[in-house]
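Have a look at the structure below before the remarks.
Protein chains: 2
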Amino acid sequence: MSQQILAVDWGTSNRRAYLIDQQGNCLAEHEDGLGMLAVGGRERFGAALALLCQTMGVADHVPVVMSGMVGSASGWQEVDYLDSAVPVQHLPAHLAALNDPAWAGRCHIVPGYRYRSGATIDVMRGEETQLLGAVALGHRDGWLVLPGTHSKWVLLRDGLIQTLSTYMTGELFAMLSAGGTLSAMMQGDAADAEGYALGLTQAARGEPLSNTLFRVRAGVVAKSAPAQQAAAVVSGLLIGAEFAAAARTLAPGAAITVIGSPALAQRYARAADHFDLSCNVLDPHRVYCAAARQFFA
Amino acid sequence: MSQQILAVDWGTSNRRAYLIDQQGNCLAEHEDGLGMLAVGGRERFGAALALLCQTMGVADHVPVVMSGMVGSASGWQEVDYLDSAVPVQHLPAHLAALNDPAWAGRCHIVPGYRYRSGATIDVMRGEETQLLGAVALGHRDGWLVLPGTHSKWVLLRDGLIQTLSTYMTGELFAMLSAGGTLSAMMQGDAADAEGYALGLTQAARGEPLSNTLFRVRAGVVAKSAPAQQAAAVVSGLLIGAEFAAAARTLAPGAAITVIGSPALAQRYARAADHFDLSCNVLDPHRVYCAAARQFFA
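First to last, the protein sequences are chains W and P. Numbered as in our numbering, the first sequence ends at 297 without a single skipped number. Numbered as in our numbering, the second sequence ends at 594 without a single skipped number.
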């Protein structure tokens, strides 16, 4: 059995790889822009992985476990979603073997989760590995929040997904910045504290984003609000919408655990405070390594 | 005094002009793509108007009244918003004279409205002329809905704006269709009745759009929902968000009046039915001509 595993978080735009030992120590780490889109087609994933192994000096016999969009319909090999009735800690028993003949036997892909409650469907692909790491670090119960392009709010009970809600927070922010009615006024600092707090306050009222986002523009063109704050207000509206929805089911003072980069985690911590929730932060790299350690057979 | 007026609804992407007589009869009508963006700069509006007059055979002495983005900061001449304390029927007394020396004396611009309630700011520019027409046609009281890129919901009391809420419905739909996570699956028929009803039903729950929009994708990638319906579901979510917000203040069975093209008005009528509201429809061209008639001095 190998003494090492290469774990690759292979997303849409980027990938991040960790070479870890059986104790979960990270021996090497690498990030680059060769995400699914940049790889450019199913048949080119092999070369992209070979390049990664070469760059990191990973030996030929080291097993590879990959998570994220690499397992989507546009990835290396489509892997069915796992039903959320399977507890997160059982994920290592559900890895899909890669069929690509050049890599078969050495590579596995972590399946994502499909969640269903009545007519509500939600999915994750990539975040399940963060959940596995969080559970391995003792977070088997409670709310886990994974902010990003598609922010995930997950309620775990003994490692079982109770609810899953995804918010297109990062994607909508990027879209609104890139074009349309708001983009010209969204060039200021999205972390501006005053603007962000304003957005959170407005989000708490539960009005539709299609309305509150327009009002950012209305305030500026009516010369009642400074354009420099607009990006931060939009950020507050979008992140605040997540908290306003969560606040429907969370008691005041309840705790959430955010797995995110320091900058994002800080913004979520401020929102948690605004919505009267307490907030722990976990470092996503540490969590991913804790997950990868579970993949030793 | 002139026997005719040329009224121009000069928007961001298009313009529509009506030559009317004192009885409000429309003698000629013209629409083209020379909206504010296509005109290409303040100093080129004069030539764009000259071309319009020539195309329509409008005599040199005929007064011109223009509404819409022509009066914005990026238009021909920025015209301050009117405070919503001014009743809609008084608009004709508040037209701004155009300063451009080549056209001064002949041309006026209709000011938009600024609405403020506490910290809530909203604005309109162009729709005020539709409101004037609606009031002229006897709709001085009740809810007027003007669907479009930026849908407006206005409550009038004796022609006075009581509330104004704008929703970026059309803009968000266009953005989501053009790029990002949902665009590939949004190529189906946005008017699909089943998908649209599904979106309306989900919108009624009042969950954030950033969440419900993602679930459209989740349903498709989890193979629980047909991709062909996705565009209609998104349309239902966005239009439904307007109705869900309005339903907070409207009693069941209450009436709204929609001023919109037949296709859009039909979609709003279906949503009204879904949310247990009754719905009248006014033709926007007829309404605009009714407004233009009020501009005879």
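All C-beta atoms in this analysis are idealised placements derived from N, C-alpha and C, irrespective of residue type, glycine included.
Q: Would you kindly report the start and end of the unbroken alpha helix (DSSP H) that includes M482 of chain P?
A: Run containing M482 of chain P: none; DSSP gives neither H nor E here.
**Q.** CA-to-CA distance, M168 of chain W to A246 of chain W, given in whole angstroms
**A.** Linking A246 of chain W to M168 of chain W through their CA atoms gives a straight-line distance of about 15 Å.
Q) Since F511 of chain P meets chain W, which of its residues come closer than 8 Å, beta carbon to beta carbon? A) Neighbours of F511 of chain P on chain W, chain order: D122, H150, T166, Y167 and M168.
**Q.** Contacting positions in the segment 176 to 188 of chain W - beta carbon closer than 9 Å to chain P
**A.** Hits within the stretch, in order: L176, A178, G179, G180, T181 and L182.
Q. Is it buried or exposed for G337 of chain P, if we count other Cβ within 10 angstroms and need 16 for buried?
A. Its Cβ having fewer than 16 others within 10 Å, G337 of chain P is exposed.
Q: Specify the secondary structure class of Q386 of chain P as computed by DSSP and reduced to three states.
A: DSSP, reduced to helix, strand and coil, places Q386 of chain P within a helical segment of the structure shown.
Q | Contact residues within the segment 494 to 511 of chain P, judged by C-beta distance below 9 Å to chain W | A | Within the segment 494 to 511 of chain P, the residues whose Cβ lies closer than 9 Å to some Cβ of chain W are L495, T498, Q499, A500, G503, E504, P505, L506, S507, N508, L510 and F511, listed in chain order.
**Q.** Proximity of G260 of chain W and P284 of chain W at Cβ, strictly below 8 Å
**A.** With respect to the 8 Å criterion, G260 of chain W and P284 of chain W are classified as neighbours on the basis of their beta carbons.
**Q.** Beta-carbon contacts of L155 of chain W that lie in its chain and below 6 Å, excluding the five residues immediately before and after
**A.** Here the set comprises W143, Q162 and T163.
**Q.** Spatially closest choice to G112 of chain W from W:T201, W:G148, W:G219 and W:G68, by CA coordinates
**A.** Looking at the Cα atoms, W:G68 is the closest of the given residues.
**Q.** Closest residue to A627 of chain P among W:A134, W:D122 and W:L198 (Cα-Cα distance)
**A.** Within the shown structure, residues of chain P are numbered from 298 to 594, placing residue 627 of chain P beyond reach of any answer.
Q) Can you name the start and end residues of the alpha helix (DSSP H) that T212 of chain W belongs to? A) DSSP places T212 of chain W inside the alpha helix (DSSP H), whose first and last residues are L209 to V221.
Q. Is there at least one Cβ from chain W nearer than 8 Å to G516 of chain P's Cβ?
A. Yes, contact with chain W.
Q: Please state whether DSSP places T166 of chain W in a helix, a strand or coil.
A: Shown here, T166 of chain W sits in a strand according to DSSP, grouped into three states.
Q: Starting from the Cα of L473 of chain P, find the closest Cα among P:S371, P:A527 and P:Y493 and give me that residue.
A: Among P:S371, P:A527 and P:Y493, the Cα nearest to that of L473 of chain P is on P:A527.
Q) Expressed to the nearest angstrom, what Euclidean distance is found between the alpha-carbon atoms of L82 of chain W and L200 of chain W? A) In this structure, the straight-line span from the alpha carbon of L82 of chain W to that of L200 of chain W is close to 35 Å.
Q: Work out the CA separation of V64 of chain W and L341 of chain W for me, nearest whole Å.
A: Coverage of chain W is limited to positions 1 through 297, which leaves residue 341 of chain W absent and any answer about it impossible.
Q. If you drop the 5 nearest sequence neighbours on each side, which residues of the same chain put their C-beta closer than 7 Å to that of W450 of chain P?
A. Excluding positions up to five away in sequence, the list reads W440, V442, S462, E539 and A543.
Q | Proximal chain P residues relative to A7 of chain W, where beta-carbon distance stays under 8 Å | A | Simply none; closest approach about 24 Å.
(Q) If distances are taken between C-alpha atoms only, which option among W:Q89, W:V88, W:A17 and W:R217 comes closest to Q54 of chain W? (A) Residue nearest to Q54 of chain W within the set W:Q89, W:V88, W:A17 and W:R217 is W:A17 (criterion: CA-CA distance).
Q) Between F295 of chain W and P101 of chain W, is the Cβ-Cβ spacing less than 8 Å? A) The beta carbons of F295 of chain W and P101 of chain W sit no closer together than 8 Å.
Q | Range covered by the beta strand (DSSP E) that runs through T120 of chain W | A | Bounds of the beta strand (DSSP E) holding T120 of chain W are T120 to M124.
Q) Do R15 of chain W and L34 of chain W have their CB atoms nearer than 8 Å? A) Their beta carbons are under 8 Å apart, which means R15 of chain W touches L34 of chain W by this criterion.
Q: Measure the alpha-carbon distance for R248 of chain W versus I239 of chain W and round it to whole angstroms.
A: Straight-line Cα distance between these residues: approximately 15 Å.
Q) Which residues share a DSSP beta bridge with S414 of chain P? A) Looking at the DSSP assignment, S414 of chain P forms a beta bridge with P:T417.
Q.
I'd like to know if Y268 of chain W contacts chain P, where contact means its C-beta is closer than 8 Å to some C-beta of that chain.
A. Chain P, which has no Cβ nearer than 8 Å to the Cβ of Y268 of chain W, makes this no.
Q: Scan the segment 353 to 377 of chain P for residues whose Cβ lies nearer than 7 Å to a Cβ of chain W and list them as they occur along the chain.
A: Taking 7 Å as the Cβ-Cβ cut-off against chain W, none of the residues of the segment 353 to 377 of chain P qualify.
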